[in-house]
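**Student:**
2 protein chains.
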Amino acid sequence: MDNEILKYLSKYIPITKELEEEISKIEFIKCFDKGTVLLEEGKISNECYFIIKGCIRSFYLKDGEERTTEFHTEEQAVVPSAYGSNVPSEYYLECIEDTITGVGTPELETEIYQKFPQIESLNRALGEAIMAKQQDSFAEFKMASHEEKYLALLKNRPDLLQRAPQHQIASYLGIKPESLSRIRKRIMNQK
Amino acid sequence: MDNEILKYLSKYIPITKELEEEISKIEFIKCFDKGTVLLEEGKISNECYFIIKGCIRSFYLKDGEERTTEFHTEEQAVVPSAYGSNVPSEYYLECIEDTITGVGTPELETEIYQKFPQIESLNRALGEAIMAKQQDSFAEFKMASHEEKYLALLKNRPDLLQRAPQHQIASYLGIKPESLSRIRKRIMNQK
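Respectively, the protein sequence lines represent chains G and V. At position 127 of the first sequence (counting the first as 1) the number is 127 in the numbering used here, and the numbers step up by one without a gap. To get the numbering used here, take the position in the second sequence, counting from 1, and add 191.
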C-alpha cells in the first residue's frame, strides 16, 4: 500500500477493495514548497489538510506582529476555523518546510462520506480524540508557568525546537523571546 | 416537543417519527444538585453530558490548589478527555449550580449511531465546529494580555461573572486573583 492516506486509514478501519480503488483514484495529495502561504487573513477557506510530511504554522497578525499560535506536523489535520463557511479567516497558514499533504474540500468530504459511511464514523471518533487532546493542552497551558510550558514542549514536541525559529516558538508558548532565552539558559546550566 | 434533546436536534436534522419515539423512550435526562462532583481525578469516566440548564466546572488539583480550567453551560457538551477509555481522569467535574443534563455513555452512543446514522453525521459536523471554536479560543488566549482576557470574557460570557466566584474566574483566565481585582477596578474607573 503506497498511498499514505490509505496507510493511515488502515490503522483504524478495514480497507476494502472498493475503498482502496476509490481513494487511490482521488488526486488529493499536494506538495507545497517551504514558504507557501495556504491561507491568508480575510480570505475564505475551502481546503483542509492532512499532513503527510512537513510543518504548517498558524499565525495571526496582531498590531503588525506575527503571533504564532500553532505548529501542525506529521499525521495532524489542519482544519481552518472558517473551513467550508463563508466567514473570512482571522489567521494565516504557512508551510515552514516543504510539505506534503492530503487536501480535502467540503464537496470531496460529502462525496466520500456518502460512499463510505465508515469514514465518517472514523472522522467522528478521531475528531473527538483530537478535541479531548486539544482540551487537555489548553487546560495545561492555562495552569503552567513559562518554564513549565517550555519543559512540556521539550518533552512532548522536541522536534519543533529544530524545525522553527526561536521567536516563533516563544510566541507559540505565549512568552516573550527574552524570557524564552533566559529559561533555556537556566535549564542548560542546571544540566 | 417537550424533550430538550429533540428540540436541540431539530435545529439541525429532520426529526422523524421513529427518531422521536426512540429518543423519547431513552431515559438520559438527569438532574444534579449544586455541588455534585460528576468526575474525580484518578477515576474512569464513562459518561458525557449535554447541559440543558446549569453549569459544570472543570478543575485540576495542582500543588493542593484548585485550578479551574473551564465552565460549561447551556447547550454545551462536556466530554471528559478520558471518556470511554480506561485512562484515569486528570481532573474533576463539579456542578456549580443545580444542573439538568442529557447523559451519554459509549454503549448508548453506539446504539444510537447504528440506528440513526444521521445523528453520527450531525455529531461529526458539530464536533468539527466545536473544535474550530476551541482552536480559536486557545489562539486568542495565547495572544491576549490579562486585561484583554477579562474584556473578552465580559463580551463573550458575561453570565459567568454572576455564576462563578471571582477566584475561579481568575484561575479560568490564568491570572492571579489580585490581578483580576486590579483589572476590574481599573475598568470600572474608566467608565
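In this text, a Cβ means the ideal position worked out from N, Cα and C, and glycines have one as well.
(1) Against G:Gln134, what residues of chain V qualify as contacts under a CB-to-CB distance less than 9 Å, listed in chain order?
(2) Span of the alpha helix (DSSP H) holding G:Ile44?
(3) Distance cutoff 7 Å, beta carbons only. Does V:Lys367 sit that close to anything in chain G?
(4) Taking one C-beta from the stretch 274-288 of chain V and one from the stretch 200-207 of chain V each time, how about it: are there three or more such pairs within less than 8 Å?
(5) Which residue spans inside the stretch 206-257 of chain V form an unbroken beta strand (DSSP E) run of at least 3?
(6) Which same chain residues end up closer than 6 Å to G:Ala82 when comparing Cβ atoms and leaving out the 5 residues on each side of it in sequence?
(7) Below 7 Å between beta carbons is the criterion; list the residues of the stretch 117-131 of chain G that meet it against any residue of chain V, in chain order.
(8) Going by Cα to Cα distance, which pick from G:Pro80, G:Thr105, G:Lys176 and G:Glu97 is closest to G:Lys43?
(9) Report the rounded CA-to-CA distance for G:Phe141 versus G:Glu21, giving the unit in angstroms.
(10) Using a beta-carbon distance below 7 Å, is V:Met379 in contact with chain B?
(11) Does V:Ile378 pass the burial test, meaning 16 or more other C-beta atoms within 10 Å, or should it be called exposed?
(12) Going by DSSP, what residue range makes up the beta strand (DSSP E) through V:Tyr283?
(13) Quickly, what does DSSP pair G:Val78 with across the bridge? List them, please.
(14) Could you check what DSSP says for G:Phe71 in three-state terms: helix, strand or coil?
(15) With respect to the alpha helix (DSSP H) encompassing V:Ile303, which residues constitute its N-terminal and C-terminal limits?
(16) Give the straight-line distance between the Cα atoms of G:Phe59 and G:Leu93, rounded to the nearest whole angstrom.
(17) Report the neighbours of V:Arg258 on chain G: residues whose CB is nearer than 7 Å to its CB, in chain order.
(18) Which residues, in order along the stretch 260-273 of chain V, keep a beta-carbon less than 9 Å from a beta-carbon of chain G?
(19) With V:Gly245 and V:Ile303 assumed to form a contact (beta carbons below 8 Å), what rounded beta-carbon distance in angstroms separates them?
(20) DSSP state of G:Ile187, grouped into three classes?
**Tutor:** Reading from the atomic positions:
(1) Your numbering for residue 134 of chain G matches position 134 in the first sequence. Met322, Gln325, Gln326 and Phe329, listed in chain order.
(2) Position 44 of the first sequence holds residue 44 of chain G. Unbroken run through G:Ile44: none, as it is neither H nor E.
(3) Here residue 367 of chain V corresponds to residue number 176 of the second sequence, with the count starting at 1. False, the Cβ-Cβ gap to chain G never drops below 7 Å.
(4) no
(5) 220-223, 228-230, 239-244 and 247-253
(6) To locate residue 82 of chain G, count along the first sequence from 1; it is residue 82. Excluding sequence neighbours, G:Ala82 sits near Ser45 and Ser89.
(7) Pro117, Glu120, Ser121, Asn123, Arg124, Gly127, Glu128, Ile130 and Met131
(8) Position 43 of the first sequence, counting from 1, holds the residue named residue 43 of chain G. Looking at the Cα atoms, G:Pro80 is the closest of the given residues.
(9) In the first sequence, the residue the question calls residue 141 of chain G occupies position 141. In the first sequence, the residue the question calls residue 21 of chain G occupies position 21. Cα-Cα distance, rounded: 43 Å.
(10) Protein chains G and V are contained in the structure displayed, whereas chain B is not.
(11) Taking the first residue of the second sequence as 1, we reach residue 378 of chain V at position 187. By the 16-neighbour rule on beta-carbons within 10 angstroms, V:Ile378 is exposed.
(12) Mapped onto the second sequence, residue 283 of chain V falls at position 92. Taken as a continuous stretch (DSSP letters only), the beta strand (DSSP E) holding V:Tyr283 covers Tyr283 to Cys286.
(13) Sequence index remark: in the first sequence, residue 78 of chain G carries index 78 (1-based). Answer by DSSP bridge pairing, in chain order: G:Tyr49.
(14) Numbered from its first residue, the first sequence carries residue 71 of chain G at position 71. Strand, per DSSP.
(15) Locating residue 303 of chain V in the second sequence gives position 112, counting from the first residue. Run containing V:Ile303: Pro297 to Lys306, per the alpha helix (DSSP H) assignment.
(16) Within the first sequence, the letter at position 59 stands for residue 59 of chain G. Within the first sequence, the letter at position 93 stands for residue 93 of chain G. As the crow flies, the alpha-carbon of G:Phe59 is around 7 Å from that of G:Leu93.
(17) Translated into positions along the second sequence, residue 258 of chain V becomes position 67. By Cβ distance, chain G contributes Met143.
(18) Thr260, Glu261, Val270, Pro271, Ser272 and Ala273
(19) Residue 245 of chain V sits at position 54 when you count from the first residue of the second sequence. Residue 303 of chain V sits at position 112 when you count from the first residue of the second sequence. The pair is not a contact, with the Cβ atoms about 23 Å apart (cut-off 8 Å).
(20) The count along the first sequence starts at 1 and reaches residue 187 of chain G at position 187. When DSSP states are grouped into helix, strand and coil, G:Ile187 belongs to the helix group.
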